[in-house]
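One structure is given here, and the rest of the page talks about it.
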Amino acid sequence: MIEILSPTELPRARRSGALVADILQSLRSRAGVGTNLLEIDRWTREMIDGAGAQSCYVDYAPSFGRGPFGHHVCTSVNDAVLHGLPHDYDLADGDLVTLDLAVSLEGVVADSAVSFVVGGSAPQESLDMIAATERALAAGIAAVRPGARVGDLSHAIGTVLGEAGYQVNTEFGGHGVGSTMHQDPHVANTGRPGRGYVLRPGLLLALEPWIMADTADLVTDADGWTLRSATGCRTAHSEHTVAVTEDGAEILTRPTPALP
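Quick note: the sequence shown, position 222, residue 222 per full-length UniProt numbering, numbers continuous.
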């Protein structure tokens, strides 16, 4: 299913995106050495409930998971990259953390992810990986415009990741969003330009480049959800939800500007 929002529906998408961004910003500022992943999940639930929104994860039960997910945010640490199931783990100095959050507000879903290092020890490799996913995300967003094809976005993302020396896994990637969290079109993190679905104003896309330091292969934890690098190497993941507009793209998952 592919949904196209009307101009009158876009303000709802903006509010949903701002909520997701604000929650992630709060979680990032509060998470530190000694923070438990289950505590992060609790904070997330409190902020979602306080906004009158709904988590997209609690009842999420796709064919590839061992569902339902049962938590409110994905917490992936170090070699975990996607669908990290919150569990009883206290963050340590130098841990690379990815928080991935999807929320529905007023019937519209927004989805975003951020990677960061906690504590004072930040390995350069980790910082480089995070920066590469952020550059790739920016390149993908820059390619969004009416008439562009999904392959143009994939090519832009994959070019940045490849030039940075990373292999790209195409099992999981970006996707459409709307009234539900995962919709068509699928946006792989590498691909050929000029191919695939033609973008139209009103389409919402969650673009999400993610990488693993020295492999493109994934393994699944015994929890049935958490996806890790097959070699145990570190990983990184960046994601924004964007709206295709008449003249390009609008990033919906930016935090609300702080008041003076």
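Every residue gets a Cβ at the ideal spot worked out from N, C-alpha and C, and that includes glycine.
Just so we're clear, the structure is a prediction, and the values are computed from it rather than from any experiment.
Residue(s) in a DSSP beta bridge with residue i
i    : result
V74  : First, the amino acid is wrong: residue 74 is Cys here, not Val. C74 pairs with D100.
M212 : T235
V242 : L205 and I251
D111 : A102
DSSP three-state assignment for residue i, whether helix, strand or coil
i           : result
D152        : helix
T253        : coil
R195        : coil
residue 311 : Residue coverage of the chain in this structure runs from 1 to 260, which leaves residue 311 outside it and unanswerable.
G173        : coil
R14         : helix
G140        : helix
L5          : coil
D223        : coil
D22         : helix
G248        : strand
V118        : coil
D128        : helix
V187        : strand
V160        : helix
L259        : Low per-residue confidence applies at L259: pLDDT is 41, beneath 50, and the placement is therefore not dependable, though the value from the model is reported in the following sentence. Coil, per DSSP.
Assumed close pair residue i, residue j - CB separation to whole angstroms, cut-off 8 Å
i           : j    : result
G194        : R149 : 6 Å
V167        : M1   : For the sequence presented, residue 167 should be read as Gln rather than Val. Not really, about 31 Å apart at Cβ, beyond 8 Å.
R45         : H72  : 5 Å
L137        : I211 : Not really, about 11 Å apart at Cβ, beyond 8 Å.
residue 268 : E171 : No answer is possible for residue 268: it lies beyond the span of the chain, which begins at 1 and ends at 260.
G65         : H83  : 7 Å
T241        : V177 : 6 Å
A243        : L204 : 5 Å
L105        : A51  : 7 Å
E239        : S63  : Incorrect: roughly 22 Å between the Cβ atoms, too far for contact.
C-alpha distance - residue i paired with residue j, whole-angstrom precision
i    : j    : result
V81  : T8   : 36 Å
G158 : A164 : 10 Å
I141 : L207 : 8 Å
A13  : Q54  : 14 Å
I23  : T98  : 14 Å
P68  : D221 : 15 Å
V118 : D214 : 22 Å
D100 : P209 : 12 Å
M47  : S26  : 9 Å
D152 : R192 : 7 Å
T180 : G202 : 15 Å
L5   : A236 : 31 Å
T256 : V77  : 26 Å
T75  : F116 : 12 Å
G174 : N189 : 7 Å
G120 : L19  : 28 Å
V58  : A102 : 10 Å
G224 : D247 : 42 Å
Y89  : D41  : 12 Å
L91  : P146 : 43 Å
G94  : I130 : 14 Å
V187 : H155 : 10 Å
P185 : E3   : 10 Å
A122 : C233 : 15 Å
L259 : N36  : Note that L259 has pLDDT 41, beneath the 50 cutoff, so the model's placement of it is unreliable and the number below is only indicative. Those two C-alpha atoms are separated by around 30 Å.
R254 : A21  : 5 Å
A110 : T231 : 32 Å
V108 : Q124 : 38 Å
P11  : Y60  : 26 Å
D49  : V114 : 21 Å
L96  : G196 : 34 Å
Notebook entry, point to check: Unbroken beta strand (DSSP E) runs of length 3 or more, entirely within the segment 26–95: which are they?
Noted result: Segments of the beta strand (DSSP E) lying fully in the segment 26–95: 74–77 and 80–82.
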